[in-house]
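Chains A and B supply the protein sequences, listed in that same order.
So for the first sequence, this note's numbering puts the first residue at -1; every next one is plus one.
So for the second sequence, this note's numbering puts the first residue at 4; every next one is plus one.
All residues carry an ideal CB built from backbone N, CA and C; glycine is no exception.
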Amino acid sequence: MAGSISVIGRTTRVHGRVTGAVDLEVQGFVEGDIAVGGDVTVDVHGMVGAGVRGRRLVVRGAVKGDLVGEEAVSLEDGARVVGDVRAPRVTIAPGALVRGFVQTGEAVESPSRAARPQSAARPASPAPAKTMAAPPARAPAPTPAAAVPAPAAKPAVRQTEAMTAVGGVTANSLPRRPPPPVVPALKKAKGQVAKRKER
Amino acid sequence: MASTVIGAGITVEGDITTDEDVVVAGTVRGKLSAKEGITIEHGATVEADIVGGSLTIAGALTGNVTATERVDLQSGARVIGNVKASRVTIADGAQFKGNVDMDV
């Protein structure tokens, strides 16, 4: 049935939700959640400014939001994604750019909020590990040389490192995630939208 | 050739703005504006104010319609709202309730 293929064309901008049970192809700009039962294709020129949920997602354009696929998500060459990606199968092709937490496997049930603590915790663990590893490496060096200056130096080092570690941990609770990069295409499109509105 | 298609089974809640043709066979709630033609197919449900070049309506529409060229209500169309266009046709079998403003 040809009528079941839905397309948001290149010059089309949708501000709002798109829902349904069929396939959707985005060649234009959608600022709002997409939640469909079928497959979603975000084409080369397609831009989505919010979350996308579908059975299988194919992205060749820009998405600023979480991608949730019930079966699969494939990010192809040219894809620019800022957001979490969750699906039983996730493929990221060479040339696709992703900034976010990616989770494969297991059924998609809870929304990505559940994944956030994990994603925040994951970068946190390597940071303390490094600071733990660093002091022992330094400790043997000062102790044979001089007993007096070594303790003074050591706590100083530990303190600063502890502080950075603490700073890192607190920061990890939220802003540890790298700031979202400016997706040039999205930004440009927004500018265009704004311009059009001004007229 | 329409490059934007809201297929049957798709619901858009919000504003749609485009420079190209639009075909609606699904559901649209909000606003719909296009520079070219807008076709609302039989079976479509549109609850939106529509602005476009030329409009062909065969589905259910609730909302005000403004067209720079023409509005054609085809048989089977069900329209509640005001229609403003330089040319308006209502085919036999179309249901319509609202004002017609043809810039007389």
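Through-space distance from residue j to residue i, alpha-carbon basis
i	j	result
A/Gln25	A/Gly7	5 Å
A/Val104	B/Leu76	It is worth fixing the name first, because residue 104 of chain A is Glu in this sequence and not Val. So the two alpha carbons sit approximately 50 Å from each other.
A/Val28	B/Ser78	33 Å
B/Thr14	A/His13	13 Å
B/Asp104	B/Asn85	8 Å
B/Gly55	B/Arg73	9 Å
A/Glu68	B/Thr7	25 Å
B/Val82	B/Lys34	16 Å
A/Val88	B/Thr92	52 Å
B/Ala94	A/Arg84	50 Å
A/Val56	B/Gly17	24 Å
A/Ala48	A/Gly63	4 Å
B/His45	B/Thr59	10 Å
A/Ala70	B/Asn102	50 Å
B/Ser36	B/Ile19	6 Å
A/Arg15	B/Gln98	29 Å
A/Arg53	A/Thr39	11 Å
B/Ile41	B/Gly12	18 Å
A/Phe99	A/Asp75	19 Å
A/Val96	B/Ile53	37 Å
A/Met130	A/Asp82	Residue placement at A/Met130 cannot be trusted, given a pLDDT of 43 that sits under 50; the coordinates are not used to answer.
B/Thr65	A/Leu22	25 Å
Nearest-angstrom Cβ-Cβ length linking residue i and residue j, presumed shorter than 8 Å
i	j	result
B/Ala70	B/Ala47	At roughly 17 Å, the Cβ-Cβ gap does not stay under 8 Å, so B/Ala70 and B/Ala47 are not in contact.
A/Arg51	A/Ala77	The pair is not a contact, with the Cβ atoms about 17 Å apart (cut-off 8 Å).
B/Val68	B/Lys87	7 Å
B/Gly10	A/Val20	6 Å
A/Gly59	A/Gly44	4 Å
Residue i burial status per 10 Å Cβ neighbour count (16 or more: buried)
i	result
B/Lys100	exposed
B/Ser89	exposed
A/Val80	buried
B/Val107	exposed
A/Gly93	exposed
A/Ala91	exposed
B/Gly62	buried
Residues that residue i bridges to, as DSSP identifies them
i	result
A/Thr10	Per DSSP, none; premise fails for A/Thr10.
B/Asp104	B/Lys87
A/Phe99	Its beta-bridge partners do not exist; DSSP assigns none.
The ligand ADP heavy atom lying under 7 Å from the CB of residue i
i	result
B/Ala88	Because no ligand of any kind appears in the structure shown, any question about the ligand ADP cannot be addressed here.
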